Amino acid sequence: MKVSTFEARLDLEQHHRPMVDKRVSANAAVALVNDGDFVAIGGSCFSRTPMALVFELLRSGRRRLTISRPLSCYEADLFFVTGTAERLVTSWVGIGLRWGLSPVIRRYVEEDLAVYEEWSHLGLGLRFKAGAMGVPFLPTMTMLGSDLALREEVEHVHCPYTGQDLLAVPALNPDVTLLHVHRADMYGNAQIDGYSHMDVDMAKAARRVVISAERIVAPEEILRAPAQTILPHFAVDAVVEAPFGAYPHEVYGRYEADMDHFDNYVALLREYGPDEGVRRYMQDTVMAFPDFDAFLESVGTERLGEFTRSAQELTS
Amino acid sequence: MTNSQVGAVAPRVTPEEMMTVTASRLLADNRVIFAGVGNSLVAAALARRRQAPNLTIVLEGGIIGTHLRPGQLPVSTNEMRAAYGATMLTDISDIFLYAQRGFFDYGFLGAAQVDRYGNINTSFIGDPDAPKVRLPGSGGANDIISLCNEIVIVTAHERRRFVEKVDFITSPGYLSGGTSREEAGLPFGRVSHVVTDLAMFDFEPETRLMRLRALQPGVRVEDVQEATGFELLVAEEIESLEAPTAVELGILRELQGGEFEAEPVIEKGMTR
């Protein structure tokens, strides 16, 4: 189900988010996602992806989801092969040039098993921004003249003042947005360091918002740096404590991405093919553990420590 | 490092280095460049370390003024390595809205497929409704080519890449030529050059057809034609591009993590 901006507004007027302790388990948090929902996933490519929540969503057995991210990484493969999602709304999908094209995305899109709806990076960003602003579209010059605009049948609009021809990108209001942040208090006041991707617009646009956080901090800690708060408590439904909750992706200033993990994943796909490769990855990396902490334990603190050290070196 | 050691390692200039150096020379100081990762970013970083110390590099991950750490080049526009030494970190849409406002002098990007009007395809090989290959998609390429002021396409020169007409216009160059880009609602921005390991092109001002302007060392017009999937438009005067200097190669290889400096070794036809 995808709601209009108008419906999202009506929904929000009826949806109260009292200032209560919103901490829940990842399992309880992803229960906010229903089959067929439009789910936006924060971060971009392999940065600050809420992987603890993604793994839990994959374990949950949800079906027919539409997943949207600015740039999508290999989690898109997992969503398709497990049948969790049937549609991907994004501007790009892959891990990085070094890892080549995803054989999963190739197979699922080329054989019409799933849909990859492509927008330009800003085109998608403005769709979330319109949703976050509570307006049904935003005018822009981007995507004009391209086949992207034709394929997604995006309408044009003329400026009522100057007559300038502009593209009218339609608002996106996800059913649920999942984000990972550096720290949050129990009420959902959320702070990040570094680049913020499209997280803020994706959250403000959504009907329900789940954040996982590297650290749950006392409300006083939030007050000490209020300018770093990217979302207020009244925009958040659930808070999940998830240290290393973006691993094997990165969190700015906290830990770098685990490129070896990506290499091993891609090697699995090469050896066993896209479907069996993903099944093996799911079995060994996602389903083998009751929760994300158990998965992290299998990685080991020593290895995680290396990524922490290299992140500190790059950002201090 | 002694000269004899330099001689001992003297590696050839790779095709990638050739086009990266050529692209970097197009960048003037005190400008702002929006660069994709890969050769475009390395070209910008090289220019900053040479003729353009006050060039500001912007990346789509929301990163302004990155410096890059030699030997730790990013593989993604959204990672700490891309943000090393940055002056500002913001969000993705914000970066592109700076572009739409007109702040970015240059946009450098690569291409899986490019046609004679500078249109880029990174979406589909074959029929988009039944594609032979589903490519990764636009990312920020469509936005960069639509919204930055002067666009340079940096790509390896292969016949399968340089096609008469792209299968899908992910990122609009001059569309069908003439004034069609302006008529499509893109009054700003122009694709100024295409830089490859074989040659440099500009676009003929009236037709907006890609036009051969200069050749890499040791490359002949026939070589370029052979590696191009459409009939070349050749400028009346063709310039010869200078081989990368030892200084340029030294900086380039240091950026990429090598520690050696080498005299360029250029051989006729080596770029093929």
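Listed in order, the protein sequences are those of chains A and B.
Read in order, the letters of the first sequence correspond to residues 1 to 316 in the working numbering.
Read in order, the letters of the second sequence correspond to residues 1001 to 1272 in the working numbering.
Just so it is clear, CB atoms sit at the ideal spot from N, CA and C, and this is done for glycine as well.
Every value quoted in this text rests on a predicted model; they were computed, and no experiment measured them.
Per DSSP, what kind of secondary structure is residue i in: helix, strand or coil?
i: B:Ala-1262; result: With a pLDDT of 47 at B:Ala-1262, under the threshold of 50, the modelled position of this residue cannot be trusted; read the value that follows with caution. DSSP places B:Ala-1262 in coil when its eight states are reduced to three.
i: A:Asp-275; result: helix
i: A:Gly-123; result: helix
i: B:Val-1195; result: strand
i: A:Arg-191; result: The sequence shown places Gln at residue 191 of chain A, not Arg. In the structure shown, A:Gln-191 sits in a strand (DSSP, three-state: E or B).
i: B:Glu-1164; result: coil
i: A:Tyr-161; result: coil
i: B:Ile-1063; result: strand
i: B:Pro-1015; result: helix
i: A:Phe-55; result: helix
i: A:Lys-22; result: coil
i: B:Val-1032; result: strand
i: A:Ser-4; result: coil
i: B:Val-1021; result: helix
i: A:Glu-297; result: helix
i: A:Leu-144; result: coil
i: B:Ile-1145; result: helix
i: B:Arg-1101; result: helix
Take residue i and list the residues in its own chain whose beta-carbon comes closer than 6 Å to its own, dropping the five residues that flank it on each side.
i: B:Ala-1044; result: Ile-1033, Ala-1035, Ile-1057
i: B:Val-1021; result: Pro-1244, Glu-1248
i: A:Pro-274; result: Pro-103, Val-104, Arg-107
i: A:Val-266; result: Trp-99
i: A:Tyr-116; result: Leu-88, Val-109
i: A:Leu-268; result: Gly-277, Arg-280, Tyr-281
i: B:Leu-1046; result: Ser-1024, Ile-1251, Leu-1252
i: A:Asn-173; result: Val-3, Thr-5, Ala-8, Gly-131, Ala-205
i: A:Asp-193; result: His-182, Tyr-252, Gly-253
i: A:Ile-95; result: Cys-73, Tyr-74, Phe-262
Just grab the DSSP bridge partners of residue i for me.
i: A:His-197; result: B:Asp-1091
i: A:His-156; result: A:Leu-167
i: A:His-180; result: A:Ser-212
i: B:Gln-1113; result: B:Asn-1121
i: A:Glu-241; result: A:Ala-213
i: B:Pro-1131; result: B:Gly-1126
i: A:Glu-117; result: A:Val-89
i: A:Ile-67; result: A:Val-39, A:Leu-88
i: B:Phe-1108; result: B:Ala-1035, B:Val-1152
i: A:Phe-137; result: A:Pro-170
i: B:Thr-1056; result: B:Val-1032
i: B:Gly-1229; result: B:Val-1163
Tell me, to the nearest whole angstrom, how far the beta carbon of residue i is from that of residue j; I am working on the premise that it is less than 8 Å.
i: A:Val-210; j: A:Ala-29; result: 5 Å
i: A:Ala-205; j: A:Phe-128; result: 5 Å
i: B:Gly-1178; j: B:Arg-1208; result: 6 Å
i: A:Pro-248; j: A:Phe-262; result: 7 Å
i: A:Leu-322; j: A:Val-176; result: Residue coverage of chain A in this structure runs from 1 to 316, which leaves residue 322 of chain A outside it and unanswerable.
i: B:Glu-1062; j: B:Leu-1041; result: Correcting the residue type first, residue 1062 of chain B is Gly in the shown sequence and not Glu. Not a contact, Cβ separation roughly 15 Å.
i: A:Ser-212; j: A:Ala-52; result: 5 Å
i: B:Val-1037; j: B:Val-1013; result: Not confirmed; about 22 Å, so no contact.
i: A:Ser-44; j: B:Asp-1143; result: Actually they do not touch by this definition, with Cβ atoms about 14 Å apart.
I'd like the list of long-range same chain contacts for residue i, defined as Cβ closer than 7 Å, with 5 residues on each side in sequence excluded.
i: A:Phe-234; result: Arg-17
i: B:His-1193; result: Leu-1026, Val-1152, Met-1200, Phe-1201, Asp-1202
i: B:Glu-1017; result: Pro-1244, Leu-1249, Leu-1252
i: A:Glu-306; result: none
i: A:Asp-165; result: His-156, His-158
i: A:Leu-138; result: Leu-126, Lys-129, Ala-130, Val-169
Suppose contacts are defined by Cβ-Cβ distances below 8 Å. Is residue i in contact with residue j by that definition?
i: B:Val-1114; j: B:Arg-1161; result: yes
i: A:Ala-171; j: A:Val-135; result: yes
i: B:Asn-1119; j: B:Ile-1169; result: yes
i: B:Pro-1153; j: B:Pro-1172; result: Before going further, note that residue 1153 of chain B is Ile rather than Pro in the sequence given. In this structure, B:Pro-1172 does not lie closer than 8 Å to B:Ile-1153 by Cβ.
i: A:Val-49; j: B:Gly-1137; result: Contrary to the premise, residue 49 of chain A reads as Thr rather than Val in this sequence. Going by C-beta atoms, A:Thr-49 is not nearer than 8 Å to B:Gly-1137.
i: A:Lys-2; j: A:Tyr-187; result: no
i: B:Met-1080; j: A:Tyr-252; result: yes
i: B:Asp-1091; j: A:Ser-196; result: yes
i: B:Phe-1096; j: B:Gly-1140; result: yes
i: A:Val-200; j: A:Ile-222; result: no
i: A:Met-141; j: A:Gly-123; result: no
i: A:Ile-216; j: A:Ala-184; result: yes
i: B:Val-1234; j: B:Leu-1215; result: no
i: B:Gly-1107; j: B:Ala-1086; result: no
i: A:Arg-207; j: A:Ala-26; result: no
i: B:Ala-1130; j: B:Thr-1122; result: no
i: B:Phe-1124; j: B:Leu-1109; result: no
i: A:Ser-72; j: A:Val-93; result: yes
Check whether the Cβ of residue i sits closer than 7 Å to any heavy atom of the ligand FAD, and report yes or no.
i: A:Glu-221; result: Ligands are entirely absent from the displayed structure, and the ligand FAD is therefore not among its contents.
Whose C-beta lies closer than 8 Å to the C-beta of residue i among residues of the same chain, with five residues either side of it excluded?
i: B:Gln-1072; result: Arg-1081, Tyr-1084, Gly-1257
i: A:Glu-302; result: none
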